[in-house]
Amino acid sequence: MLNNLNITEFLKDTIIPPICSVCGKICAEFLCQNCNSRIKFLDETVCQYCGRLITSKNNPGIKICTLCKNETYSFYRLRSFSLYKEPIVNLIQKFKYKKYYFLSKILAGFLKKAYEKHFNSERIDYIDTVPNYAADRQCSKYCKSHMQILAEDLSKIIRIPFLNNIIKIRNTSKQQKLDYYLRKINLNDAFKVRNCLLSHEKNLLLIDDVWTTGSTLNEISSILKKAKANKIYLLTLARGA
Ligand SMILES: [Zn+2]
Ligand SMILES: [Zn+2]
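Under the working numbering, think of the first position of the sequence shown as 18, with each following residue one higher.
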């Protein structure tokens, strides 16, 4: 009986059947099985701190990469679901730039898988993410950043609250266009913790789409540490390095 059907679902599945966001084939979700199977979960041995793939076959016991031997971070651990390769690049770009927010649940499922492998036994009090400047200035639900939408979906499926306790207080230039030194200056005082009492001595899971140079996530981790957060676990969908 038509009147017993959810009309939205009816319209969605008959008039506009979902197509795979990567290859355009009609499929049950927005990612077909073929494209999904090409997205490889980063399941190999990674550096215990930064999550970088450890490729040294001659030293299978090594758990810390060469960079982390000399580096100290504000965050406690970093892990990623996948390497930054096609087709996850395509999905992330459509989610982020074309605002294909219907991909959020699929991407949240990827983060859940990585969370369960790496952080399931950790005590994590809340989830947070990287805010947009514009998204914070206009507070309707339609101008959330893509990461705030993803954080909400992840929060529902791993049952850890999303606090949205970080605010971006000024605009910044695109990090990719700047050298190492300018990237650091670009982010100076760009983020603030809204309510330091909420992060005080808490462990949190800070999520982002891609780990590239890490400047933004490092900067946010450092202001969270100044706000007396305890352990900061970083989780990204993909990593470029
Ligand atoms: Zn496909
Ligand atoms: Zn490392």
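Each residue gets a CB set at the ideal place from its N, CA and C atoms; glycine is no exception.
Keep in mind the model is a prediction, meaning the values are calculated, not measured.
Item: Give me the Cβ distance between residue 221 and residue 246, rounded to the nearest whole Å; I'm assuming they're in contact under 8 angstroms.; Value: 6 angstroms
Item: Check the C-beta distance from residue 127 over to residue 98 and give it rounded, since I have them as a contact under 8 angstroms.; Value: 4 angstroms
Item: The alpha helix (DSSP H) with residue 168 in it runs from where to where?; Value: 163 to 175
Item: Based on Cα-Cα distance, which residue from 131, 234, 109 lies nearest to residue 96?; Value: 131
Item: Is any non-hydrogen atom of ligand 2 found closer than 8 angstroms to the C-beta of residue 68, if you look at the structure I gave you?; Value: yes
Item: Are there three or more Cβ pairs, one per stretch, closer than 8 angstroms when the region 136 to 150 is compared with the region 169 to 184?; Value: yes
Item: Using beta-carbon positions only, say whether residue 109 and residue 254 come within less than 9 angstroms of one another.; Value: yes
Item: Buried or exposed, going by whether 16 or more other CB atoms sit within 10 Å of the CB of residue 170?; Value: buried
Item: Quick check: what's the CA-CA separation for residue 241 versus residue 41?; Value: 41 angstroms
Item: Using a Cβ-Cβ cut-off of 7 angstroms (strictly less than) and excluding sequence neighbours within five positions of residue 58, which residues of its own chain qualify?; Value: 98, 99, 130
Item: Helix, strand or coil for residue 138, going by three-state DSSP, please let me know.; Value: coil
Item: Among all the DSSP beta bridges, which residues are the ones paired with residue 184?; Value: 209
Item: Buried or exposed: which applies to residue 54, given that a residue is buried once 16 or more other Cβ atoms fall within 10 Å of its Cβ?; Value: exposed
Item: I'd like to check one pair, residue 223 with residue 199: are the Cβ atoms closer than 9 angstroms?; Value: no
Item: Using the Cα positions of residue 249 and residue 94, report the straight-line distance between them to the nearest angstrom.; Value: 7 angstroms
Item: Residue ranges of each beta strand (DSSP E) run of no fewer than 3 residues wholly in the region 220 to 250, ordered along the chain?; Value: 221 to 228
Item: Would you give the residue range spanned by the alpha helix (DSSP H) that residue 83 belongs to?; Value: 83 to 86
Item: May I have the straight-line CA-CA distance separating residue 18 from residue 34, to the nearest angstrom?; Value: Note that residue 18 has pLDDT 45, beneath the 50 cutoff, so the model's placement of it is unreliable and no number is given.
Item: Check whether the Cβ of residue 183 lies closer than 8 angstroms to any heavy atom of ligand 2, and answer yes or no.; Value: no
Item: With a 10 Å radius around its C-beta and 16 neighbouring C-beta atoms as the bar for buried, classify residue 217 as buried or exposed.; Value: exposed
Item: From this set, 71, 178, 111, which residue's C-alpha is nearest residue 38's C-alpha?; Value: 111
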